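Engineer: Here's a structure for you.
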Amino acid sequence: MKVKRIAALAALAAVTAFTLAACGGGDDNSTPPASTTPPPPALKTQFKSTTLVSDGSATAANIDPNLKNGWGIAFNPTGVMWVSDNNTHLSTLYDGNGVPQSLVVTIPANAAGTAAGPTGIVFNKTAADFQISANGGAASNAVFMWATDAGTIAAWSPKVLPTQAVNAYDDGAGGAVYKGLAIGVNGGANVIYATDFHNKKVDTFDRAFNKILVGKFVDPNLPAGFSPFGIAAIGNTVYVSYAVLGSNGKTQVNGAGNGVVDAFDTAGNFVKRIATGGTLNSPWGMVIAPSNFGSASNDLLVGNFGDGTVDVFDPNSNALIGALPNPDGSTFKQAGIWGMSFGNNAANQPSNTLFYAAGPTPTTGVYGRIDVTP
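Per this note's numbering, residue 889 is the first one in the sequence shown, and the count goes up by one each step.
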């Protein structure tokens, strides 16, 4: 009996070993077990878009011929929305219903006389930083600042010139093409970040518009051909989007998969890759949704200029949840979508409504909103 028992155990051991080998249990190249982490919940069809303003090329409740290639957008905490009008070299203002405001600000050319189309825009809440002046006049803190495709950082204060911005920084001679702008805090100091698409870098400026953090904001594994495109400073994270730089060194090459999104800290140190390729298509606008934005609450929204969609990512796991849908289940698309921002609860601009600007073509523009429906 003892001999039979030993033989049976040996046979069982042999079967067990064979089974493990067949399942890959003894192979270092085995396929890992499937993740037990559930996928993110699908987006609900609860987002309704409305075109509020156009230059006349699209149906809208309000027409403003100045709104051509609407790009970056920004609020002050209690005011209306400011929009960069890239083609007309202006910045125009709208309330939450899209009603144009009387103030229109002109963006100046660079030192060489090249017309400067504003791209990214930020509001400066500080009273002492980012001082500007004009023609030897009194200085004042800039209230709004713009990056431009002529390589300038333009800034405006009503105490300097009532309807004109001034150039606070000019690198047109260096070939800079600034496509995006963000404002943040690094080491307790206020800074602005500008994406130089032509020179494939992110420029950081201190409170006096001096360049700092030179050589930072580097993705060590960035695919060839990509260049910093959009930028957003949200809390302690600076999100940078990348697009394919065209042969002219100024414009992007749109196409499915032509996009990268990274996260950095405020000092420009690489933190992680959010997304590569896939549904990205020249991504530019980036914003974190508030906790009451329906099924996309607290997620990272990325606007794809190339195809007009808005991708929704889990900012913690980097998982793609999907594209923002329309109420009928189709995918929301706004041709040429650029800037995106949630409202400030002033002037009919709810904090859980997503406002956006777009340039369907380089010479046309729209401004709209996306509201959560029940």
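Each residue gets a CB set at the ideal place from its N, CA and C atoms; glycine is no exception. This one's a predicted model, so the numbers in the text were calculated from it and none came from an experiment.
Taking the beta strand (DSSP E) that glycine 1191 belongs to, which residues open and close that run?
Structural biologist: 1188–1192
Engineer: If you drop the 5 nearest sequence neighbours on each side, which residues of the same chain put their C-beta closer than 8 angstroms to that of valine 1054?
Structural biologist: Pro996, Ile1020, Ser1021, Ala1022, Ala1042, Ala1043, Trp1044, Val1048
Engineer: In three-state DSSP terms, what is serine 1185?
Structural biologist: coil
Engineer: Might you give, ordered along the chain, the residues of its own chain that have their beta carbon closer than 7 angstroms to the beta carbon of valine 987, omitting 5 neighbours on each side?
Structural biologist: Asn950
Engineer: If you reduce the DSSP assignment to three classes, tell me which class alanine 1053 lands in.
Structural biologist: coil
Engineer: What residue range does the beta strand (DSSP E) around aspartate 973 cover?
Structural biologist: 969–973
Engineer: Among all the DSSP beta bridges, which residues are the ones paired with proline 1248?
Structural biologist: Proline 1248 is not bridged to any residue.
Engineer: Can you list, in chain order, the residues of its chain whose CB lies under 6 angstroms from that of alanine 1030, leaving out five sequence neighbours each side?
Structural biologist: Asn1012, Phe1018, Ile1020, Ala1043, Ser1045
Engineer: Across which residues does DSSP place asparagine 950 in a beta bridge pair?
Structural biologist: Val941
Engineer: Count the other C-beta atoms from every protein chain shown that fall within 10 angstroms of the C-beta of threonine 1251, then say buried if there are 16 or more, exposed otherwise.
Structural biologist: exposed
Engineer: What is the DSSP secondary structure of glycine 1060, counted as helix, strand or coil?
Structural biologist: helix
Engineer: Helix, strand or coil: how does DSSP classify leucine 991 here?
Structural biologist: strand
Engineer: Taking only three categories from DSSP, how would you classify threonine 1002?
Structural biologist: The answer is coil: DSSP assigns threonine 1002 none of H, G, I, E or B.
Engineer: Hey, would you say valine 1254 sits closer than 8 angstroms to alanine 948, going by beta carbons?
Structural biologist: Yes, the Cβ-Cβ distance between valine 1254 and alanine 948 is below 8 angstroms.
Engineer: Since glycine 1072 sits in a beta bridge, which residues does DSSP pair it with?
Structural biologist: Val1079
Engineer: Can you list, in chain order, the residues of its chain with a C-beta nearer than 7 angstroms to that of asparagine 975? Leave out the 5 residues immediately preceding and following it.
Structural biologist: Lys956, Asn957, Gly1005, Pro1250, Thr1251
Engineer: Threonine 1139 and glycine 1060: beta carbons closer than 8 angstroms?
Structural biologist: no
Engineer: Per the contact definition of three or more C-beta pairs closer than 8 angstroms, is the stretch 1133–1147 in contact with the stretch 1164–1184?
Structural biologist: yes
Engineer: Would you tell me roughly how many angstroms separate the C-alpha atoms of aspartate 1094 and valine 941, rounded to the nearest one?
Structural biologist: So the alpha carbons of these two residues sit roughly 35 angstroms apart.
Engineer: Applying the 10 Å Cβ sphere with the 16-neighbour rule, what's the burial state of proline 1213?
Structural biologist: buried
Engineer: Using CA coordinates, which residue listed in Val971, Ala1038, Ala1027 is at the minimum distance from alanine 1000?
Structural biologist: Out of Val971, Ala1038, Ala1027, Ala1038 has the C-alpha closest to the C-alpha of alanine 1000.
Engineer: Output the distance between the C-alpha atoms of asparagine 1204 and tyrosine 1081, rounded to the nearest integer angstrom.
Structural biologist: Approximately 23 angstroms, taken between the alpha carbons.
Engineer: Work out the CA separation of valine 1159 and histidine 1086 for me, nearest whole Å.
Structural biologist: Straight-line Cα distance between these residues: approximately 24 angstroms.
Engineer: Bridge partners of valine 1106, per DSSP?
Structural biologist: DSSP output for valine 1106 lists no bridge partner at all.
Engineer: Quick one: using the 10 Å Cβ neighbour count with 16 as the cut-off for buried, is serine 923 buried or exposed?
Structural biologist: Caution applies to serine 923, whose pLDDT of 40 falls short of 50 and renders its modelled position unreliable; the model cannot decide the point.
Engineer: Grouping DSSP H, G and I as helix and E and B as strand, with all else coil, what is phenylalanine 1018?
Structural biologist: DSSP places phenylalanine 1018 outside both helix and strand once states are collapsed to three, so it counts as coil.
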